[in-house]
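Numbering (the working numbering), first residue to last: 4 to 103.
Just so it is clear, CB atoms sit at the ideal spot from N, CA and C, and this is done for glycine as well.
One structure is given below, encoded as structure tokens.
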Amino acid sequence: SGAAMGALIAGPVGALAGAAIGSVAGAEANAEPTTEVTTYVTSNTVEPVYLDGEVVIGAGVPDEVTLYEVPEQPAYRYAQINGQTVLINPENRTVMYIYR
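Right under this line is the structure:
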């Protein structure tokens, strides 16, 4: 089992950062990932981590959390946080998509 570390960054500051980022890259956040990305991240499980806070789109992921690469997809990283596989924007470490 993964170690507990840090917390997801949310709240008013996180919401403001998410709004600013969303206005620049709005098409990427919440976008349905391709079948290839979904197949890769759901069949290549990684070490889970447990953080305080709810996993939501736009939440910041602490630097201590290892992000895993998706082959041939430089716009994505992924991790397993609080039992959920999530896609993460590697440029700003924010949650882009949650597999439920």
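Per-residue DSSP class, three states only, for residue i
i, result
"VAL98", "strand"
"THR38", "helix"
"VAL44", "helix"
Start and end residues, beta strand (DSSP E) containing residue i
i, result
"TYR53", "51-55"
"ILE91", "87-92"
Strand pairing of residue i, partner residues [DSSP]
i, result
"GLU72", "ARG80"
Expected contact under 8 Å - CB spacing of residue i and residue j to nearest Å
i, j, result
"VAL58", "ILE101", "6 Å"
"VAL40", "TYR79", "6 Å"
Proximity of residue i and residue j at Cβ, strictly below 8 Å
i, j, result
"PRO51", "LEU90", "no"
"THR97", "ALA82", "no"
"TYR43", "VAL73", "yes"
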